[in-house]
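> This is the structure I want to talk about, given as structure tokens.
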Amino acid sequence: MARRIKMLTSLAICAALTVVLLPFTAAGGEGAAPFDYKKALHSSLLYFEAQRSGHLPHNQRVKWRGHSGLADGLQQGVDLVGGYYDAGDNVKFGLPMAFTVTMLSWSAMEFADDIAAAGEWRHVLEAIKWGTDYFVKAHTEPYVLWAEVGDGDTDHYCWQRPEDMTTSRQAYKVDRDNPGSDLVGETAAALAAASMVFRRTNPHYAQVLLHHAEQLFEFGDKYRGKYDSSIGEAYSYYASVSGYGDEMLWAALWLHGATGKASYLDYAVDMAEEFGGTTWAITEFSWDVKYAGLQILATKVLLEGKAKAEHKATLEKYKAKAEHYLCACLNKNGDAGNVNRTAGGMLFVRQWNNMQYVTNAAFLLTVYSRYLTSAGAGQEPPVLQCPDGPAHADQLLTLARSQTDYVLGANPAGVSYLVGYGQRFPRRMHHRGASIVSHRGDGRFIGCMQGYDNWFLRKGANPNVVVGAIVGGPDHLDRFRDRRDNYMQTEACTYNTAPMVGIFAHLHTETRSSPRNIEHKKFLQD
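What follows is the structure, given as structure tokens:
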């Protein structure tokens, strides 16, 4: 199989695709019943259980999965059991895992009431804690963080269930001599964000997370360097193209929120220019490029009126860059550059796993609209001053919902890119565990090449459905091929689904209380 390189740089791939386009089904469009966002939320949280590594708990709901990676870290004399597999492979990559947990935690903070009202709060906490427990174990010393378990190259030569793994479980770390400020900074951000989620229900655990987050931030700042320069095995799969400046600013802002310490905001202001926070105008947000997200966090401080006088000028610069991203999504950036859109309305950044940019954009658009509305409490809320005219908070929400509905099936193919949702969704996900019979159904060992010969090459649907996974999605022409070897489109990643947890919960609340939905329910009852 072709070697997968999950990098920021655009891929020069021009493959001719023969696709049968399905009739357009605007399920969430005007005059139609709204999508079942509560079911989408429920499904999205099941996905994280499907991606678990380690010893599965008694309340595991995804029954086709079993224990795996139980000796992770043993060769190095550390306990690295647990955490998440990032996608359809069996490697535990630290950088995308940490970003996943950061976004899950941000979702939980912003939309706590909505998630609780939908009855999913406990499952959100479990999803976050499965990641943070692993990070605490991986941070074995103040200046040591274990970054990866498994080798992408050997893993990609095999097609095995995680329960059968015979591939390398070599573990890799960053330390004083081999730094990784990007990885360390993102992990600090994840732990700081999660500490705020657990503060009320589990204050001791929250304090443990915050202690590790502060130590990691010091480590990342004191010993600077890119983690993929220290760990060559990571470069071909999760290269840190943006460098470590964005992660360190991101971590500082999360730590400021978690601790209230002025020193962290001072850091974000003092390092803003050197680390690109106020100079980079970006039109994407992802596991690698955090600028749009951190710029919005910095703007939140300004909008809340909590900024010191000496910080305001720099925070205004952060705000200008944050709004560059938002205006680009709204197609109101003029000559400054907009995010492309497909004919079906999907924001399109690049060919490989474009859905990650769609879901992250939907999240940032939604939270920024909330920040604008809160800033205007009791009066007219502020607006975005885009080059092509002002934009109001409700315009951000409208775009966020359109992207969410596209994911759920309001697209030219009429396909839900959230696996397990609706009648038409990808059946041949590029996912090792899903594509092979469950070990519970057939406990016989399946070897490396046996998996390719007997399961990967099958034309039929996967025997197991990874409910809640959001696949890479269609191309720039809204075309999608549901083939197991089409990993650019049919592989799902944890960081695709993480931001949608909050959005699904929010939209469930909004549609439940909207006049249109009330009338629809009344019609059904009558």
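In mature numbering (1 follows the signal peptide of the UniProt record, and there is no 0), the protein residues as written are -27 to -1, 1 to 499.
Glycine residues also receive a C-beta, built at the ideal position from the N, C-alpha and C atoms.
Does ASN175 come out as helix, strand or coil in the three-state DSSP assignment?
Reduced to three states, the DSSP call for ASN175 is coil.
> Please state if the CB of MET402 and the CB of VAL356 are separated by a distance shorter than 9 Å.
In this structure, MET402 does not lie closer than 9 Å to VAL356 by Cβ.
> Quick one: which unbroken alpha helix (DSSP H) runs of 4-plus residues sit fully inside the segment 61 to 120? Chain order, please.
Qualifying alpha helix (DSSP H) stretches, in chain order: 67 to 83, 85 to 90, 94 to 111.
> Sorted by chain position, which residues of the same chain lie with C-beta nearer than 6 Å to GLN358's C-beta, five sequence neighbours on each side aside?
So no residue of the chain qualifies.
> Could you work out which residue in GLU283, ALA254, LEU288, GLU483 is closest to LEU299 when comparing CA atoms only?
Nearest option by C-alpha distance: ALA254.
> Between which two residues does the beta strand (DSSP E) holding LYS146 run?
Unbroken beta strand (DSSP E) run through LYS146: 144 to 147.
> Contact check, PRO7 vs THR484 under 8 Å by CB: the rounded distance?
Indeed they touch by this definition, with Cβ atoms about 4 Å apart.
> For the alpha helix (DSSP H) holding PHE268, just list the boundary residues, first then last.
For the record, residue 268 in the displayed sequence is Gln; it is not Phe. From DSSP, the alpha helix (DSSP H) with GLN268 extends over 264 to 276.
> Near LYS279, what residues of its chain come up, given a Cβ to Cβ distance below 6 Å and the 5 sequence neighbours on each side ignored?
Same-chain partners within the cutoff: there are none.
> Compute the Euclidean distance between the alpha carbons of LYS11 and LEU18, then round it to the nearest angstrom.
Approximately 11 Å between the Cα atoms of the pair.
> Grouping DSSP H, G and I as helix and E and B as strand, with all else coil, what is ALA309?
Of the three classes helix, strand and coil, the one that applies to ALA309 here is helix, per DSSP.
> Run through the DSSP bridge pairs and tell me what residue 503 is partnered with.
Residue 503 lies beyond the stretch modelled for the chain, which goes from -27 to 499, so this question has no answer here.
> Determine the burial state of THR256: buried for a count of at least 16 other Cβ atoms within 10 Å of its Cβ, exposed for fewer.
Its Cβ being crowded by 16 or more others within 10 Å, THR256 is buried.
> Would you check if there are 3 or more beta carbon pairs closer than 8 Å linking the segment 357 to 373 to the segment 405 to 419?
Output reads no: the segment 405 to 419 does not touch the segment 357 to 373.
> With DSSP collapsed to three states, give me the class of ASN333.
In this structure, ASN333 counts as helix in the three-state DSSP scheme.
> Between which two residues does the beta strand (DSSP E) harbouring LEU357 extend?
LEU357 -> beta strand (DSSP E) spans 357 to 359.
> Less than 9 Å between the beta carbons of ARG244 and VAL170, yes or no?
Correcting the residue identity first, residue 244 is Met in this sequence and not Arg. Against a cut-off of 9 Å, the Cβ pair of VAL170 and MET244 comes out as no contact.
> Which residues does DSSP list as the beta-bridge partners of PHE321?
Answer is ASN313.
> Just mark PHE21 as buried or exposed, buried being the case when its beta carbon has 16 or more other beta carbons within 10 Å.
Flag for PHE21 reads buried.
> Rank VAL147, PHE84, GLU99, TRP103 by C-alpha distance to the C-alpha of THR113 and give the top, closest one.
Checked all of VAL147, PHE84, GLU99, TRP103; the closest Cα to THR113 is VAL147.
> Can you check DSSP and say which residues form a bridge with ALA465?
Answer by DSSP bridge pairing, in chain order: VAL444.
> What residue range is occupied by the uninterrupted beta strand (DSSP E) comprising GLY362?
First-last of the beta strand (DSSP E) with GLY362: 362 to 364.
> Express the C-alpha separation of GLN329 and SER(-18) in angstroms, rounding to a whole number.
Annotation note: pLDDT 33 at SER(-18) (below 50); position unreliable, coordinate value reported separately. Approximately 15 Å between the Cα atoms of the pair.
> Does the beta-carbon distance from CYS302 to LEU345 come in below 9 Å?
Cβ distance not < 9 Å, so CYS302 and LEU345 don't count as in contact.
> Report the partner residues of VAL122 according to the DSSP bridge assignment.
In DSSP, VAL122 forms a bridge with LYS65, ALA144.
> Rounded to the nearest angstrom, what separates TYR57 and TRP223 at their Cα positions?
Taking the straight line from one Cα to the other gives about 22 Å.
> Kindly identify the DSSP beta-bridge partner or partners of GLY27.
DSSP, once it has assigned bridges, lists SER41 as partnering GLY27.
> Grab me the residues of GLU289's own chain with a C-beta within less than 8 Å of its C-beta, minus the 5 sequence neighbours each way, in chain order.
So the qualifying residues of the chain are LEU275.
> Closer than 8 Å is the cut-off here; do at least three beta carbon pairs connect the segment 152 to 166 with the segment 185 to 193?
Because the criterion of three Cβ pairs below 8 Å is met, the segment 152 to 166 and the segment 185 to 193 touch.
> Please report the straight-line C-alpha distance between ASN395 and ALA373, rounded to a whole angstrom.
The question names Asn, but residue 395 is Gly in the sequence shown. Near 20 Å, if we compare the C-alpha coordinates of ALA373 and GLY395.
> Can you give me the Cβ contacts of LYS273 inside the same chain, cut-off strictly under 6 Å, excluding the 5 residues immediately before and after it?
Answer for LYS273: TYR344, listed in chain order.
> Could you tell me whether the segment 447 to 459 touches the segment 161 to 181, using the rule of 3 or more Cβ pairs below 8 Å?
They do not touch, by the three-pair rule.
> Assign MET422 to buried or exposed, taking buried as 16 or more other Cβ atoms, counted over all protein chains shown, within 10 Å of its Cβ.
MET422 is exposed by the Cβ-count criterion.
> Please name the residue in LEU320, ALA442, TYR240 whose C-alpha comes closest to that of LEU391.
If we check each option's Cα against that of LEU391, ALA442 comes out closest.
> Answer yes or no: the CB of HIS481 versus the heavy atoms of the ligand PLP, is any distance below 8 Å?
Absent from the structure shown: the ligand PLP. Ligands present: none.
> Can the beta-carbon of LEU53 be found less than 9 Å from the beta-carbon of VAL109?
Against a cut-off of 9 Å, the Cβ pair of VAL109 and LEU53 comes out as no contact.
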